[in-house]
Amino acid sequence: MWPTLWFLSFSNIIIQGLTILAPIDSPNTDGIDPDSYSQTRIEDCYIVSTLIFTQYLHSYSKTNSRNSGWDKYGIKVGIPTEHLVFRRLTCISPDSATIALGSEMSGGIRDVRAEDITAIDTQSSVRIKTAVGRGAYVEDIYVRRITLKSMKYVFWMTGSYGSHPDPGFDPKALPLVTEKPKKLQWNCTDVQGITGNVTPKACDLLPEKQEVVGCAFPDDRLAIEDVNYNMMLH
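The sequence shown maps to residues -17 to -1, 1 to 217 in mature numbering (1 follows the signal peptide of the UniProt record, and there is no 0).
This is how it looks when you write it as structure tokens:
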């Protein structure tokens, strides 16, 4: 299925106040797909679909093929998705994620900021997907103040998503998710924060809440955050 809104290689975009509804059992129904975007603000939306509001932060090349961001094609063009703000969203996605990064991310994904989001009956709040052959990177992803109701995974990451547009991908094109991978990089490493009433007990890097702890969310503002949205009536 195609996404409800799909945009390719734009910048300085505001998407606000949308309600997008789809049957929850419809396959792969995306809410909004910003591809190779820069300086984009998506806010105050209510979306119900199988891939509920999956910010499929792809990085496609400028061709007519929707799959051109995969593997060597996206690497060749190298247009990243970067500087995105998602806030005040309500999402329902029983079989997928509120925000999905990838898996077509061969131009790179960086500086994504999500806050004040409610996810209801959703499999994952944030999902990062990539694979051998993709290359590029996923870095500087910030999330805060998310309310999760009936979740299976809070953060879900995979490096073997496995789909390719053709068999000619480079097996040496390994995506970079963390700059300094450690032995247990797919377990509880390179994370910080606190937990409360979590069963079974979280790892030592995510201790039980004892007092208010600051979040390493960026203090600076993206340029798109200071753009005013004006509605013209005719």
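All C-beta atoms in this analysis are idealised placements derived from N, C-alpha and C, irrespective of residue type, glycine included.
None of the values given here were measured: they were computed from a predicted structure.
- Counting along the chain, the unbroken beta strand (DSSP E) around residue 80 starts and ends at 80 to 84.
- DSSP lists 67 and 124 as the bridge partner or partners of residue 95.
- DSSP lists 28 and 100 as the bridge partner or partners of residue 72.
- Residue burial is scored here from C-beta neighbours: residue 86 has at least 16 other C-beta atoms within 10 angstroms and is therefore classed as buried.
- Nearest to residue 26 by C-alpha distance, out of 15, 32, 155 and 19, is 15.
- One thing to note: residue 121 has its Cβ no nearer than 8 Å to the Cβ of residue 157.
- Beta-carbon to beta-carbon, residue 108 and residue 129 are separated by about 6 Å, close enough to satisfy the 8 Å threshold.
- Taking C-beta atoms under 8 Å as the contact rule, residue 19 and residue 90 qualify, at a distance of about 6 Å.
- The bridge partners DSSP lists for residue 131 are 102.
- DSSP, read as helix, strand or coil, puts residue 109 in strand.
- Per DSSP, residue 88 is not a residue of any beta strand (DSSP E), being assigned neither H nor E.
- Taking C-alpha positions only, residue 186 is separated from residue 101 by approximately 25 Å.
- Apart from the 5 residues on each side of it in sequence, residue 189 sits with its Cβ closer than 6 Å to the Cβ of 176 and 178 in its chain, given in chain order.
- Residue 76 is positioned such that its CB atom lies closer than 8 Å to that of residue 105.
- With a threshold of 16 other beta carbon atoms within 10 Å, residue 171 falls short and is exposed.
- Closest in C-alpha terms to residue 65, from the list 13, 213 and 125, comes 125.
- Counting C-beta atoms within 10 angstroms of its own C-beta, residue 68 has 16 or more neighbours from the protein chains shown and is therefore classed as buried.
- Taking all protein chains shown into account, residue 200 has fewer than 16 neighbouring C-beta atoms within 10 Å of its C-beta and is therefore exposed.
- Beta-carbon to beta-carbon, residue -2 and residue 206 are separated by about 17 Å, too far to satisfy the 8 Å threshold.
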